[in-house]
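Let me begin by presenting the structure, written as structure tokens, before commenting on it.
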Amino acid sequence: MAVVPYKEKQASKKEQVAEMFNNISHKYDFLNHFLSLGIDILWRKKAIKYLKKDKPEHILDIATGTGDFAIEALALNPKKIVGVDISEGMLEVGRKKMQKRGYDGIIDLQMGDSEKLLFEDNTFDAVIVSFGVRNFENLEKGLADMNRVLKAGGKAVILEFSKPTKFPFKQIYNFYFKAILPKLGKLISKDNAAYTYLPESVEAFPDGPNFLKVLEKAGFKNTQWRSLTFGISSIYIGQK
735 MAVVPYKEKQ ASKKEQVAEM FNNISHKYDF LNHFLSLGID ILWRKKAIKY
785 LKKDKPEHIL DIATGTGDFA IEALALNPKK IVGVDISEGM LEVGRKKMQK
835 RGYDGIIDLQ MGDSEKLLFE DNTFDAVIVS FGVRNFENLE KGLADMNRVL
885 KAGGKAVILE FSKPTKFPFK QIYNFYFKAI LPKLGKLISK DNAAYTYLPE
935 SVEAFPDGPN FLKVLEKAGF KNTQWRSLTF GISSIYIGQK
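Each residue of the sequence shown is one higher than the one before, counting from 735 in my numbering.
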């Protein structure tokens, strides 16, 4: 059964995830950096470095949210970055951010469904996703569509939460993630479900080598996995 934010509602996971992000969009950036103690910024920088030698000119950022990963990808000096997301609330915050920083000429944020991307086959040199794939309604379908819009030889770089396995970090992490984080998230975002959904969605996600298998099934080759910060998150790389 799919893990969803609002268990009492009948709406699909996709609709619920869009609603959740619309609800928390005004506090999302602050909460991201606050709850991860700013480590999420370092993770994004690290993930982008895996594309440095490829020099991608056209990049697609899926589940772009407010565009933080797209902004990080500017370090690659691309011609164009397109960010897509199913939450208009998040995109609105992101567009204001791009205008304020003068990035709106190079970063274009659009409404879009990760499982039905409105782009031609072989369009992008690279596809990036940070903390978005575990929200896909159909993981394999989303990854296969990501592969479809990539040019031959193009790379996908995916940053996602994972589950630490080593003592004592596993225990500390579980306590923070399940007992502290939902309370802080609820207090600041005023959404009861969003930060309960977060640990539940991470728990259900096939991380590590299991995710590489899903990537390969979706058509990616030369897959790699890099664990970050005691296994709290991971970088996955796949090539078309």
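Beta carbons are placed, not taken as given, at the ideal position from N, Cα and C, and that holds for glycine.
Only a predicted model underlies this, so the values are computations on that prediction, with no experimental measurement involved.
ask   = How many angstroms separate the CA atom of Val-883 from the CA atom of Val-816?
value = 12 Å
query = Just the Cα atoms here: how many angstroms apart are Leu-852 and Phe-901?
reply = 44 Å
query = Given Ala-804, which residues of its chain have a CB within under 7 Å of its CB, disregarding the five upstream and five downstream residues?
reply = Asp-795, Thr-798, Ile-815, Gly-817 and Ile-841
key: Per-residue DSSP class, three states only, for Glu-894   = DSSP, reduced to helix, strand and coil, places Glu-894 within a strand of the structure shown.
key: Residue from Asp-855, Phe-911 and Leu-921 whose Cα sits closest to the Cα of Ser-935   = Phe-911
query = Count the other CB atoms within 10 Å of the CB of Leu-771; is the residue buried (16 or more) or exposed (fewer)?
reply = exposed
inquiry  = Residues in the same chain with beta-carbon distance under 7 Å from Leu-873, minus the five sequence neighbours each way, listed in chain order, please.
reply    = Listed in chain order, the non-local C-beta contacts of Leu-873 below 7 Å within the same chain comprise Val-867 and Val-948, local neighbours out to five positions each way being set aside.
task = May I have a chain-ordered list of the alpha helix (DSSP H) segments no shorter than 4 residues that lie completely inside the stretch 787-874?
result = 802-806 and 822-835
Gln-905 (DSSP reduced to helix, strand or coil) = helix
ask   = When the Cβ atoms of the stretch 890-904 are set against those of the stretch 917-927, are three or more pairs found closer than 8 Å?
value = no
key: Ordered list of alpha helix (DSSP H) runs contained in the stretch 907-957, each at least 4 residues   = 915-923, 928-938 and 943-951
message = What does the alpha-carbon distance come out to for the pair Asn-989 and Lys-974?
response = No statement about residue 989 is possible, as the shown extent of the chain runs from 735 to 974 and does not include it.
message = Quick check on the burial criterion: 16 or more other C-beta atoms within 10 angstroms. Buried or exposed for Arg-835?
response = With fewer than 16 other CB atoms across the displayed protein chains lying within 10 angstroms of its CB, Arg-835 is exposed.
request  = Please report the residue range of the beta strand (DSSP E) in which Gln-973 lies.
outcome  = Judged by DSSP secondary structure, Gln-973 falls within the beta strand (DSSP E) whose first and last residues are 967-973.
query = Comparing alpha-carbon positions, which option in Tyr-970, Gln-833 and Asn-956 lies nearest Leu-962?
reply = Tyr-970
message = Our contact map puts Ser-746 next to Gly-823 with C-beta atoms below 8 Å; I'd like the distance itself, whole angstroms only.
response = Actually they are not in contact, since the Cβ atoms of Ser-746 and Gly-823 sit about 18 Å apart, beyond 8 Å.
ask   = Terminal residues of the continuous alpha helix (DSSP H) containing Lys-780?
value = 773-783
request  = Just tell me which of Arg-778, Ala-938 and Leu-946 has its CA closest to the CA of Val-738.
outcome  = When each option's Cα is compared against that of Val-738, the closest is Ala-938.
ask   = Alpha carbon to alpha carbon, what distance is there between Lys-850 and Ile-773?
value = 31 Å
Reference Pro-943; option with closest CA among Leu-932, Ile-793, Trp-959 and Glu-806 = Trp-959
key: Sequence-distant residues of its chain with Cβ nearer than 7 Å to Phe-870 (five each side left out)   = Ser-848, Glu-849 and Gly-876
task = Could you check what DSSP says for Lys-748 in three-state terms: helix, strand or coil?
result = The answer is helix: DSSP assigns Lys-748 an H, G or I state.
query = Cβ of Leu-915 within 8 Å of Cβ of Pro-933?
reply = Yes. Within cutoff.
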